[in-house]
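Undergrad: Protein chains in written order, with this note's numbering: chain A, 248 to 605; chain B, 417 to 1026.
To start, I am sharing the structure in question, which I have written as structure tokens.
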């Protein structure tokens, strides 16, 4: 594994070296990472980057600096990470650059982005370079037995019986998990901790044989990877339950269609068959939910989604336009206004029926 | 008694002086520091107006003194003076003035300013105001002590006498008042006089501060600004009520003569045309026109393109003096000015002048400083409420190379903007004359002026950009590429790559490379030349050898010099062209390395240049 990652980085260094020698201004080509350059791959059923490319070359000071940083980063990954079998977090890498002088990163967003670039150029995920995200922390709860290879040996556990009330914490590298057995009929991915806890408290997982996944807002890669594996390897259908606002639709999109920032990893992270459970804009009216007014940013986000190719389906167009007219949004917890059992007794069973899950 | 009758007993007229006594903030006396500034400003405005009307180069003396708890303000000018009978009314009656009824650019308009200062002074000190005025060298000087009877808005003279005064002519005002003297940046007596000096470079202003410090704002020019002429109202934008009033009270007997004589920019032919368009007999007496007919006349004004009002009613500062004024206060790298043609709002001609200063000592970040002027008077307060500020905010400055937070608002960067609005009647938002009202005509003209200086700034910065381009590239060459080469060799564990060819390409230089190897017992030398620039390069290439070379191709000219030989080739390379030179030497020979003659060293990579 490591030797492949190392070979990829050496290839990159060799190609820059060769360009110097041949008198070609050193450069690398990258797919452009914007909304306009993602397209649907019918083969993988996910959204991936299109053909638009940007070239990063040393002709400009900015390009030259970025390439110098890329070379420094490759050096770090080869010599510190891969050869010594060590790892760092995204933030640690930002701090490590402190003494790279000219090649120092100005903010973490810059190093994060460069790491993504490196993934794209080499076709490998950052985990293979032993780079970890800061926190994972997202959790699952449900009728599933797994075995996790940890640094201190293998651990086997059942995600209902062997875990506390918070569930099993998803590790940053999901590849270390092996699924043993399960009784699940569905995976429900939930945006907020409040709703996740509500479903556990109401025993929804037991009653409906559901694996509950707490997304913790915009889900981390590991969470999305785990959902994908549950769906692809165990053939469990996935539904996504979020707030009813434009930002939450993007959470769903990142699970079902892929995120614009990580479209190069769509085939690993995306669950194309995932369905949006709610809160749908039409639910706001149908269930007479308590609402908040859409802010200007909300409206702007909704309008931007209308031009986002991922939302270019009759369903989303209808729902988004409806919400723009309605000018209101609702949170998942709004169901509490109808009693604490309403969501698990009435809303979820009805929606799951509509989606053909039960 | 009925309630209405009871109420009627309490109704009575309010004197304007009483009204302002209770609403002093309207006139700009709302705080102690501000009251002092306003008093000085009103007195100085009057002095400047008077001097200009009499074609005298203003020499104004301002002194602020502490007198116990109060401040004494003295303002003295070398103007034409005021005839003795007029002194009480000029200083102690509100809405008394010479300029309200004429259309001409002047600082004061309504005759409120100085009397309001007198009112404030008597309210806070309880003392009368002392005035000395002299109208000519042979004349005696008159001293007057006056107060305002606020119930009647009439002057009360407490003392009147003839005195000796050493000035040949002029006027001196002494007022005592509550106040507070600050010397902060702009909103202070000092700051406001400094701004006055920028737009009145023909005036000398001397300020003596309470601590005795004296500051002279010296003249930047000896020539007086062009005198503004009084004019008739312009037909464009005149309102119906005003037109009906003019029609009713005119002394003209015929409509066509009325049109020609009452309005500026209407000649005989235009008058005829207006009558025809409004279906009115040009021979009719104007007094007899009815409401409907006046309306038709008004709509004819709008249809006919009347020429712009005459410019001589306005007295702009002029681009030269704006530049001189800016330079006086700031150290700048670049300046641009724009003068818009005269335009009209509601029958009032106005003209916009804009100045922009950039770079130098100005603060690199933060908002651009805006200097606002109306008829040569600096506007210090209420910047946020002013049409000038609003026009500045609505210009998309990013198009003109200045940053703007969130795509709107006052731009950011090392710049100062000066905007002068000159008009026969400046539409202020209030009587304190702090801010100009948002009239669409005025906003548009200011924007156009700002965009004009903006375009020039953009051009200037683009030129600077081309220079910094080369500097940028040098950073790549000097710092970044060598490090990158070193790091790559670190990673791969092989020798550092030669960055010369890439350097030449990036810089658009002539690249010279020399290689040599042993072959058949001789040193075989090759010099490769590549022109990476966009221009044709003609030069000589020298190589100094210790022995004669063989197999020289193409042939070179050889000049023996003592114990060595100077080989040189004449070479011309078009953009992108390359060539190579070959020769062979005996193994123990030495060679100097290629030397280029006839090119700038900056554009050659890989060889020495002579």
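By construction, the Cβ of each residue, glycine as well, lies at the ideal position given by its N, Cα and C atoms.
1. Is the Cβ of residue 895 of chain B closer than 8 Å to any Cβ of chain A?
2. Taking residue 643 of chain B and residue 468 of chain B to be in contact with their CB atoms under 8 Å, please state how far apart those CB atoms are, rounded to whole angstroms.
3. When you compare the CB of residue 888 of chain B with every CB in chain A, is at least one pair closer than 8 Å?
4. So residue 896 of chain B is in the beta strand (DSSP E); what residue range does that whole segment cover?
5. So, at 8 Å on beta carbons, what are the nonlocal neighbours of residue 695 of chain B in its own chain, with the 5 sequence-adjacent residues on each side left out?
6. Alpha carbon to alpha carbon, how far is residue 569 of chain A from residue 557 of chain A?
7. Between the C-alpha atoms of residue 590 of chain A and residue 801 of chain B, what's the straight-line distance to the nearest angstrom?
8. Hey, is residue 821 of chain B's beta-carbon within less than 8 Å of any beta-carbon in chain A?
9. So what's residue 590 of chain A in DSSP terms, helix, strand or just coil?
10. Given this structure, state the Cα-to-Cα distance separating residue 994 of chain B from residue 312 of chain A, to the nearest angstrom.
11. Relative to the C-alpha of residue 830 of chain B, which candidate in B/869, B/779, B/867 and B/799 has its C-alpha closest?
12. In chain order, what are the residue ranges of uninterrupted alpha helix (DSSP H) at least 4 long that sit wholly in the segment 504–569 of chain A?
13. Which chain A residues are close to residue 921 of chain B, counting only those with a beta carbon under 9 Å from its beta carbon?
14. Can the beta-carbon of residue 506 of chain A be found closer than 8 Å to that of residue 536 of chain A?
15. DSSP three-state label for residue 494 of chain B, please.
16. With which residues is residue 369 of chain A paired in a DSSP beta bridge?
17. Once you ignore the five residues that flank residue 540 of chain A on each side, which residues in its own chain have a CB closer than 7 Å to its CB?
18. Rounded to a whole number of angstroms, what is the C-alpha to C-alpha distance between residue 543 of chain B and residue 592 of chain B?
19. Starting from the C-beta of residue 440 of chain A, find all residues in its chain whose C-beta is less than 8 Å away, skip the five residues before and the five after it, and write them out in chain order.
20. Could you tell me which uninterrupted beta strand (DSSP E) segments, each at least 3 residues in length, are contained entirely in the segment 609–659 of chain B, listed from first to last along the chain?
21. Under 8 Å by Cβ, that's how I've got residue 848 of chain B and residue 444 of chain B pegged, so tell me the actual separation to the nearest angstrom.
22. Buried or exposed: where does residue 917 of chain B fall if 16 or more other Cβ atoms within 10 Å of its Cβ makes it buried?
23. Measure the CB-CB distance between residue 276 of chain A and residue 315 of chain A and report whether it falls below 8 Å.
24. Between residue 906 of chain B and chain A, is there a C-beta pair that is closer than 8 Å?
25. Looking at the secondary structure, which residues open and close the beta strand (DSSP E) in which residue 573 of chain B lies?
26. Judging by CA-CA distance, which residue of B/530, B/953, B/555 and B/447 is the nearest neighbour of residue 990 of chain B?
27. Going along chain A in order, which residues have a C-beta closer than 7 Å to the C-beta of residue 900 of chain B?
28. Could you confirm whether any beta carbon from chain A is found closer than 8 Å to the beta carbon of residue 914 of chain B?
29. Would you decide whether residue 1017 of chain B is buried or exposed? Buried here means 16 or more other CB atoms lie within 10 Å of its CB.
30. Starting from the C-beta of residue 248 of chain A, find all residues in its chain whose C-beta is less than 6 Å away, skip the five residues before and the five after it, and write them out in chain order.
31. If you drop the 5 nearest sequence neighbours on each side, which residues of the same chain put their C-beta closer than 6 Å to that of residue 962 of chain B?
32. Given this structure, state the Cα-to-Cα distance separating residue 460 of chain B from residue 476 of chain B, to the nearest angstrom.
33. Of all the CB atoms in chain A, is at least one closer than 8 Å to the CB of residue 944 of chain B?
34. Report back the beta-carbon spacing between residue 1023 of chain B and residue 1003 of chain B to the nearest angstrom; my notes put them in contact at under 8 Å.
35. Within 8 Å (strictly less), CB to CB, does residue 413 of chain A reach chain B?
36. Which residues in the same chain have their Cβ closer than 6 Å to the Cβ of residue 565 of chain B, if we skip the five residues on either side of it in sequence?
TA: In brief:
1. Residue numbering aside, residue 895 of chain B sits at position 479 when the second chain is read from its first letter. Residue 895 of chain B counts as touching chain A.
2. For the purposes of this step, residue 643 of chain B is taken as residue 227 along the second chain, with counting starting at 1. For the purposes of this step, residue 468 of chain B is taken as residue 52 along the second chain, with counting starting at 1. About 7 Å separates the two Cβ atoms, so the contact holds.
3. Position 472 of the second chain, counted from the first residue, corresponds to residue 888 of chain B. Closer than 8 Å: yes.
4. For the purposes of this step, residue 896 of chain B is identified with residue 480 of the second chain, where counting begins at 1. Unbroken run through residue 896 of chain B: none, as it is neither H nor E.
5. The residue you call residue 695 of chain B lines up with position 279 of the second chain. Excluding positions up to five away in sequence, the list reads 712.
6. Numbered from 1 along the first chain, position 322 holds the residue referred to as residue 569 of chain A. Numbered from 1 along the first chain, position 310 holds the residue referred to as residue 557 of chain A. Approximately 18 Å, taken between the alpha carbons.
7. Locating residue 590 of chain A in the first chain gives position 343, counting from the first residue. Locating residue 801 of chain B in the second chain gives position 385, counting from the first residue. The alpha-carbon atoms of residue 590 of chain A and residue 801 of chain B are separated by roughly 53 Å.
8. Within the second chain, the letter at position 405 stands for residue 821 of chain B. Answer no: the Cβ-Cβ gap between residue 821 of chain B and chain A never drops below 8 Å.
9. Taking the first residue of the first chain as 1, we reach residue 590 of chain A at position 343. DSSP places residue 590 of chain A in helix when its eight states are reduced to three.
10. As a working note, residue 994 of chain B is residue 578 in the second chain. As a working note, residue 312 of chain A is residue 65 in the first chain. Answer to the nearest angstrom: the Cα atoms are 30 Å apart.
11. As a first step, residue 830 of chain B must be located in the second chain, where it is residue number 414. Closest by alpha carbon: B/779.
12. 513–516, 528–533 and 543–553
13. Position 505 of the second chain holds residue 921 of chain B. Within 9 Å Cβ-Cβ: 270, 271, 272 and 306.
14. On the first chain, residue 506 of chain A is found 259 positions in, with the first residue counted as 1. On the first chain, residue 536 of chain A is found 289 positions in, with the first residue counted as 1. No.
15. The residue labelled residue 494 of chain B in the question sits at position 78 within the second chain. Residue 494 of chain B: coil per DSSP, three-state reduction.
16. What you label residue 369 of chain A is simply residue 122 of the first chain in a count that begins at 1. The partner list for residue 369 of chain A (beta bridge, DSSP) is empty, contrary to what the question assumes.
17. Working through the first chain from its first residue, we reach residue 540 of chain A at position 293. Cβ neighbours of residue 540 of chain A beyond the five flanking positions: 574 and 575.
18. As a working mapping, residue 543 of chain B is identified with position 127 in the second chain. As a working mapping, residue 592 of chain B is identified with position 176 in the second chain. If I take the Cα positions, the gap works out to 7 Å.
19. Numbered from its first residue, the first chain carries residue 440 of chain A at position 193. Once the five neighbours on either side are set aside, the close Cβ partners of residue 440 of chain A are 461 and 463.
20. 620–624 and 630–633
21. Locating residue 848 of chain B in the second chain gives position 432, where the first residue counts as 1. Locating residue 444 of chain B in the second chain gives position 28, where the first residue counts as 1. With a Cβ gap of about 3 Å, residue 848 of chain B and residue 444 of chain B count as contacting.
22. Residue mapping note: residue 917 of chain B aligns to position 501 of the second chain, counting from 1. Residue 917 of chain B is buried by the Cβ-count criterion.
23. As a position in the first chain, residue 276 of chain A is number 29, starting the count at 1. As a position in the first chain, residue 315 of chain A is number 68, starting the count at 1. Result no, Cβ atoms of residue 276 of chain A and residue 315 of chain A do not sit closer than 8 Å.
24. If you number the second chain from 1, residue 906 of chain B lands on position 490. It does: the Cβ of residue 906 of chain B has a partner Cβ on chain A nearer than 8 Å.
25. Within the second chain, the letter at position 157 stands for residue 573 of chain B. Start and end: 570–579.
26. Position 574 of the second chain, counted from the first residue, corresponds to residue 990 of chain B. Residue 990 of chain B has its Cα closest to that of B/953, out of B/530, B/953, B/555 and B/447.
27. Taking the first residue of the second chain as 1, we reach residue 900 of chain B at position 484. Those are 314, 315 and 318, listed as they occur along chain A.
28. Mapped onto the second chain, residue 914 of chain B falls at position 498. Yes, because at least one Cβ of chain A sits closer than 8 Å to the Cβ of residue 914 of chain B.
29. Position 601 of the second chain, counted from the start, is the residue given in the question as residue 1017 of chain B. Classification of residue 1017 of chain B: exposed, given that the 10 Å Cβ count is below 16.
30. Position 1 of the first chain holds residue 248 of chain A. Legend: pLDDT at residue 248 of chain A = 43, less than 50; position of this residue unreliable, value from coordinates given subsequently. Closer than 6 Å at the Cβ level, and outside the excluded window around residue 248 of chain A, lies no residue.
31. Within the second chain, numbered from 1, the residue matching residue 962 of chain B stands at position 546. Cβ neighbours of residue 962 of chain B beyond the five flanking positions: 980, 1005 and 1006.
32. Taking the first residue of the second chain as 1, we reach residue 460 of chain B at position 44. Taking the first residue of the second chain as 1, we reach residue 476 of chain B at position 60. Near 8 Å, if we compare the C-alpha coordinates of residue 476 of chain B and residue 460 of chain B.
33. Taking the second chain and counting its residues from 1, the one referred to as residue 944 of chain B is at position 528. By this cut-off, residue 944 of chain B is not an interface position.
34. Taking the second chain and counting its residues from 1, the one referred to as residue 1023 of chain B is at position 607. Taking the second chain and counting its residues from 1, the one referred to as residue 1003 of chain B is at position 587. With 8 Å as the limit, residue 1023 of chain B and residue 1003 of chain B do not qualify as a contact, their Cβ atoms being about 24 Å apart.
35. Counting from 1 along the first chain, the entry for residue 413 of chain A is found at position 166. Answer no: the Cβ-Cβ gap between residue 413 of chain A and chain B never drops below 8 Å.
36. In the second chain, residue 565 of chain B corresponds to position 149, counting from 1. The residues are 572.
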